[in-house]
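Chain order of the listed sequences is A and B. Here my numbering = 1-based position in the first sequence + 73. Here my numbering = 1-based position in the second sequence + 73. Note that CB positions come from ideal geometry on N, CA and C, so glycine has one too. Presented below is the structure to which this report refers.
Protein chains: 2
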Amino acid sequence: MAVATKQSLDELCINSIRFLAIDAVEKAKSGHPGLPMGAAPMAYVLWNRLMRFNPKNPQWFNRDRFVLSAGHGCMLQYALLHLTGYDSVTLDDIKQFRQWESKTPGHPENFMTPGVEVTTGPLGQGIANGVGLAIAEAHLAAKFNKKDCQLVDHYTYVILGDGCNMEGVSGEACSLAGHLGLGKLIALYDDNHISIDGGTEISFTEDVNKRFEAYGWHVQHVEGGNDDLDGIQKAIEAAKAVTDKPSFIKITTTIGYGSPKKAGTAGVHGAALGGDEVEATRKNLGWEYEPFVVPEEALKHFREAVERGASLEAEWNQTLATYKTKYSADAAEFERYTSGTLPEGWEKALPTYSPSDKALATRKNSELTLNALAPVIPELIGGSADLTHSNLTFLKVSESFLKGKYENRNLRFGVREHGMGAICNGIALHNSGLIPYGATFLVFTDYMRAAIRLSALSEAGSIWVMTHDSIALGEDGPTHQPVETVASLRAIPDLLVMRPADGNEVSGAYKVAIENRKRPTLIALTRQGLPNLAGSSIENAAKGAYVASDSEGTPDIILIGTGSEVSLCEEAAKELRGEGKKVRVVSMPCWKLFDEQDEAYRESVLPKSVTKRLAVEAGTSFGWGRYVGNESNTVCINSFGASAPGGVAMKKFGFTVENVVAKAKAL
Amino acid sequence: MAVATKQSLDELCINSIRFLAIDAVEKAKSGHPGLPMGAAPMAYVLWNRLMRFNPKNPQWFNRDRFVLSAGHGCMLQYALLHLTGYDSVTLDDIKQFRQWESKTPGHPENFMTPGVEVTTGPLGQGIANGVGLAIAEAHLAAKFNKKDCQLVDHYTYVILGDGCNMEGVSGEACSLAGHLGLGKLIALYDDNHISIDGGTEISFTEDVNKRFEAYGWHVQHVEGGNDDLDGIQKAIEAAKAVTDKPSFIKITTTIGYGSPKKAGTAGVHGAALGGDEVEATRKNLGWEYEPFVVPEEALKHFREAVERGASLEAEWNQTLATYKTKYSADAAEFERYTSGTLPEGWEKALPTYSPSDKALATRKNSELTLNALAPVIPELIGGSADLTHSNLTFLKVSESFLKGKYENRNLRFGVREHGMGAICNGIALHNSGLIPYGATFLVFTDYMRAAIRLSALSEAGSIWVMTHDSIALGEDGPTHQPVETVASLRAIPDLLVMRPADGNEVSGAYKVAIENRKRPTLIALTRQGLPNLAGSSIENAAKGAYVASDSEGTPDIILIGTGSEVSLCEEAAKELRGEGKKVRVVSMPCWKLFDEQDEAYRESVLPKSVTKRLAVEAGTSFGWGRYVGNESNTVCINSFGASAPGGVAMKKFGFTVENVVAKAKAL
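What follows is the structure, given as structure tokens:
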């Protein structure tokens, strides 16, 4: 009888999840009921029996992280948040599912709903974020834990579906996770044999478990995902017991479980069941409650999470107190990290340069900056997608982050740009102060653009270090030469794109990047050497644009350059000034930051009265009309580049003093 | 003795490849000698003993396709092209490696060098293109071959490295290839344990062969890749014998084989060996020839490919002749396909609409168009990344392209956008007349942007069908709502981005897309219904922009809309005209096509004298200054969207008649 009662309570709880999802989707007439209905059992076992979290403090540091990588099933997560007692999702919020400004948007958004760790929906991102979360945990544990005091000790749980598993980004991140042996990453694969187009036999017949074995994961299969709660629990417990490998648990379920007509079909994936089928499902599952009504017994059981959570946090606070007593310096550092406070005076480490300093490639300035910051900002952690010696992103103060070497800070992403992007976002959204950076060639932002976009949307302050930023990279040719890339990145809302012109501007770009913990910064850097400008400074760069050099009085013309073309503008200006022209050179490392300055400052840099303006940038003219009135007032490149030595390519495409001077005169 | 002589000749040939690569890189002081040195044996076996091609006719239809997915090793391919007798790569061309306008650019470019099938370099693209090439072959074989006449019968060979295997795009495409059982796709994995950052133990320790087994491939391992030529040959022959699975042959090699100091190190991957090491390598490999000198005996042996190729083509011509006799109608169709000739009068099938026709979502118009074209353009083949019923891309005249059902035309890509992109490019670059299309939600072009860029660069006329093209998609929220997406795609050179406003414009977009066989077209389509406009037509849409409606005389203001916002402009215009204003509405489905019109036409649509202009587009204002003078003269959205019903989202973000009218009046 005891078992029967317990079963019944379990069923009540699981069906509470299912019907909150069914009813919310039905009310919104929009959404995805299929996954919540099928994955409710595994989610219930996880949240009710195993996961450690505190509903009343969603930001409790040592909570287990939960990621719904199959983000379309977000009603599963909203139901869990509500049922377990988070204040962020009330029953009213659930009734507002997918409505304007609700806490329950169409996919999980960490910036809208406390308790949601990362923003998912674009498939594969969540599991890759999960790898980032697990990396963050492993790093902090290696850094802070003591033999007698495990301050950092949580799991990262991910629920993912067939869609996530088909996406390349998940393969990249999971291959790396296996390589790194991230033992506290546990993925539950909702194996429901259905994707949007129909059965997985249409397009997805690979042996997923075998693939994860090949990646080096610990792999299990729970066949009875619809009802074998103990089986699910045991599998998760077994996964926790394996500490040197991430775990992948395939759990076979029925999508839309309980719906007489739609269970096990693609029809239940992404559309409301419809009134009749909702009724039929109620009947089929013996659910006698009205829409949005949760049986008291179930709610009470779920809400035990509140007390459980409070005591888990209290217990951890005890650990923290002990830690503070025994290891006060480390504790202070830990609290600095987790409060998101930067070390005082860190910015003094930023290198500065004067024109007499040697001309360096800005990627080299970036290396100097990263290595100047690395000792003073120990929370800086990152690396390159297998272009370390080209991107120059290695932190010499540390070694490579490898299996069992989690205290190190140089991440070795391999040739996995997209995975790198999502992993960095996961590290940032661990919200423990870590500042992640990821690097590749600028043109390969195309491989990771979805992750870059999500860094901006989800307020992950990732830093994107992108070298080889124009056709001037030369011989590798048009496949490697960005042309439209900078413009296409500038178009992304809330992403700061900086293209520094010299050493000081690189330092300025990093100042911006480090300080913006909720807004990602992308830094575009040259392969080729650039002289240090007289007018540049960290402060100027941080304003987005400034007067780099000027003639006396109102200028006849303003030359606006970015990055490697500022020094070209300076040379052209010198020649034009020699001919008696009054020329201002404006360096504009960041459009967005300049646009955010007050009008007086903007007017002081680009006075409205001076309409003769020429923008010079080794990229597309797309969008430059904003500052020069007309896109034709540019020296830019609007075709693909070509393979040739960098200097030759630049010359052939018109990035010469002569051409800039001629264009300026023509104005 | 006979064996010894043969061995020696093989070695001479292999070293000829190696030293052409070494010398070319050395002369250019730039490039990647490591791969050619290590992969020369497998490439030699493939090109000399097994691959069927005709150097004097690189476009011979039935040639085996060769893809160097590890494109940085392009000197391997240039050496092979030269040695086997292609006219496209002379010794002088090799001496011009990586120089301006040379036939030997820094990565293989199909549009520069006959004999190069696809453009590679961005890792993982080539193997995914290879899947597309194999799909094209399988489809044409299923369509044209007769029991007694195998007109279409070639292999697709790919050499790929660790980098390609780490990239998600390769995983996506190879999972699909295994699912489809593409037996004539054979991949040689240059397993050299080195990536740019160092040994693969840094970041890549998965069991690659096991992963490919999990994908459903036939998998082998040749351990002696540096010298076991017969082993390589046998493995390829075994791969050919397996007809129901693609084959993956891991061939263990030494990167930079022969270099005493650099072999087996990352140092030989991407930099010239340096004079001393070149000398040392010559000595080590017993190579007594001057730079760029190929031993006569080796050249003679390689050049047997010319005669072999001529006779292979002659033999096939015989098959074609027989086919023509026996199956004249099919033969005519085959020749139409392979000559790239569209069926006469195909464009008559394009649907047209009048304002009295029902308002449809343009994705629905797209479905009608695709299905109107499908019967008359049988070479149209494509599908969706698991959003078939949302993208509405299913061709009802056919069934799903599945294993053993290769005659069908509906490709089921699964949730693999990036793989889809590269596969479509491979189908297009099979150059057999097939017209591929790939579909997903517009925002997920971010997942496949590298492939879209390459479609433009490599002149693959792929068609990208992208639905749910603005915040008006509604409830799915900002992760799914494009904002900057259209602008960022417009910035890509040589990509035609069309955002049609109604049924006629959709037909116009497809007319452009079908006709542009060397320039890809991306069509952005709505989720929501749109009225049919009075002024729209196929011809007008193909001009990029046109006057959709007008007042008499010189307009006071021009409203420029695209896609769903053209009808909004029309409504606003009606209101403004009611107040006595003279208003022109311009529909601008494609910036690039409009920019390509002659000046008189452009002036007739957007007269310079009318400076009051307002652009209305549910996307970023980025770049609109080009047509309206100032980006602020827009009704656009420059932030991320939000989850809410589509109509609500549009209203909240200002896409209302009231707001457009108010903005217009403010001007």
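Under DSSP, Lys219/A takes part in a beta bridge, and its partners are Cys222/A. For the options Leu258/B, Arg91/B, Ser637/B, the alpha carbon positioned closest to that of Val351/B is the one of Arg91/B.
Neighbours of Ser103/A in chain B, taken as residues at a C-beta separation under 7 Å, are given in chain order as Glu548.
Secondary structure at Lys478/B: coil, using DSSP grouped into helix, strand and coil. Beta-bridge partners of His291/A (DSSP): Ser320/A.
With the rule of 3 Cβ pairs closer than 8 Å, the region 257-270 of chain A counts as touching the region 324-340 of chain A.
Interface criterion met: the Cβ of Phe695/B is under 8 Å from a Cβ in chain A. Under DSSP, Met723/B takes part in no beta bridge, so it has no partner. Where Val162/A is concerned, there is no enclosing alpha helix (DSSP H), because DSSP gives it neither an H nor an E. As DSSP reads the structure, Asn483/A sits in a beta bridge with Gly455/A, Ser473/A. Excluding the 5 residues flanking it on each side, Asp629/B has same chain C-beta neighbours closer than 6 Å at Lys654, Lys655, in chain order.
DSSP lists no beta-bridge partner residue for Tyr700/A. Nearest to Ala529/B by alpha-carbon distance, out of Thr540/A, Val538/A, Arg522/A, Pro551/A, is Pro551/A. Our two residues, Leu453/B and Pro509/B, have alpha carbons roughly 6 Å apart in a direct line. The residue from Asp165/B, Ala312/B, Gln198/B with its alpha-carbon nearest to that of Leu123/B is Ala312/B. Setting aside the 5 residues that flank it on each side, Ser531/A is surrounded in the same chain by Glu182, Asn183, Phe184, Val191, Thr192, Asn498, Leu502, each with a C-beta closer than 8 Å to its C-beta; the list follows chain order.
In this chain, the alpha helix (DSSP H) harbouring Leu253/B covers 241-253. Ranked by Cα distance from Phe365/B, the options Ala101/B, Tyr700/B, Val225/B, Ala495/B are led by Ala101/B. Bounds of any beta strand (DSSP E) do not take in Ser580/B; it lies within the alpha helix (DSSP H) bounded by 576-588. Residues of the region 247-263 of chain B with a Cβ closer than 8 Å to any Cβ of chain A, in chain order: Ser248, Leu249, Gly251, His252.
Counting only residues of its own chain and dropping the five nearest sequence neighbours on each side, Leu249/A has a CB closer than 8 Å to the CB of Val204, Phe486, Gly487, Arg489, Gly492, Ile496. Pro319/A is a Cβ neighbour of Leu258/A, given a cutoff of 8 Å. Runs of the beta strand (DSSP E) lying entirely within the region 634-687 of chain B and spanning at least 3 residues, in chain order: 656-660. In the DSSP secondary-structure assignment, Pro509/B is bridged to Ile454/B.
Using a Cβ distance threshold of 8 Å, Glu548/B and Ala717/B count as a contacting pair.
Residue pairing for Arg138/A: DSSP places it in a beta bridge opposite Thr229/A. Excluding sequence positions up to five before and after Met723/A, its CB lies within less than 6 Å of the CB of Ala545, all in the same chain and listed in chain order.
At least 8 Å separates the beta-carbon of Val98/A from that of Ala287/A.
Ser610/A sits in coil when the DSSP states are folded into three classes, being neither helix nor strand. Residue-level contact by beta carbon fails for Asn589/B and chain A, as no gap is shorter than 8 Å. Between Met239/B and chain A, the shortest Cβ-Cβ separation is below 8 Å. Under the three-state reduction of DSSP, Val366/A is assigned to coil, being neither helix nor strand. In this structure, Cys147/A lies away from Tyr117/A, with their beta-carbon atoms at least 8 Å apart. When Cβ-Cβ separations below 8 Å define contact, Ala345/B makes no contact with chain A. Residue-level contact by beta carbon fails for Leu569/A and chain B, as no gap is shorter than 8 Å. Taking CB atoms only, Leu196/A has a neighbour in chain B less than 8 Å away.
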